[in-house]
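Written out below as structure tokens is the structure these notes cover.
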Amino acid sequence: MKTLSAFAILACLPSILMAEGIRCGSRLILRGSSSAELTAFCGDPVQISRSSSYGGRDERAGREGDISSSSGDTDAQIWTYNFGPNQLMQRVRIENGTVVQIDDLGYGFDAP
């Protein structure tokens with residue numbers, strides 16, 4: 000019984016891992032990858048949505064007494080990839096240049 004349970008868990012593992020990554024050719028983009036890596040391996044997205052939020056200001060004196068700023072500011076982008084009708088479309092949330100979330104959207108389509 001334990002062997003059967005272990006086998007079932009191992010059989011599901013690849014699908015769990017793929018839900019958090021995008022395969023582009025022989026490369027795998029995961030959460031924590033940079034937007035530069037994503038573009039280099041997967042190309043340009045078909046759509047980009049941008050938003051910014053400005054959190055609490057963290058003002059500190061710099062080396063020469065200047066007030067420097069802004070921890071908590073977030074530059075968020077949603078990139079959508081369409082890899083064609085035989086592959087799933089992917090929505091990637093990028094915050095401050097880092098991939099933080101990857102979602103499957105269903106099968107893509109041929110571009111007009």
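Numbered per numbering that gives the first Met the number 0, the sequence shown finishes at 111, counting up by one with no gaps. For each residue, glycine too, the CB sits at the ideal point set by N, CA and C. What you are looking at is a predicted structure, and each value in this text was computed from that prediction instead of being measured.
Between the alpha carbons of Ser48 and Val91 lies a distance of about 10 Å.
In summary, Ser32 is buried, with 16 or more beta-carbon neighbours lying within 10 Å of its beta-carbon over all protein chains present. Around the beta carbon of Tyr80, 16 or more other beta carbons lie within 10 angstroms, which makes this residue buried.
Annotation: Arg30 to Ala110 spans about 27 Å, alpha carbon to alpha carbon. Taking the CA atoms as reference points, Ile77 sits about 10 Å from Ile101. If you look at Ala35, you'll find it in the alpha helix (DSSP H) that goes 34 to 41.
For Gly24, no pairing in a beta bridge is given by DSSP.
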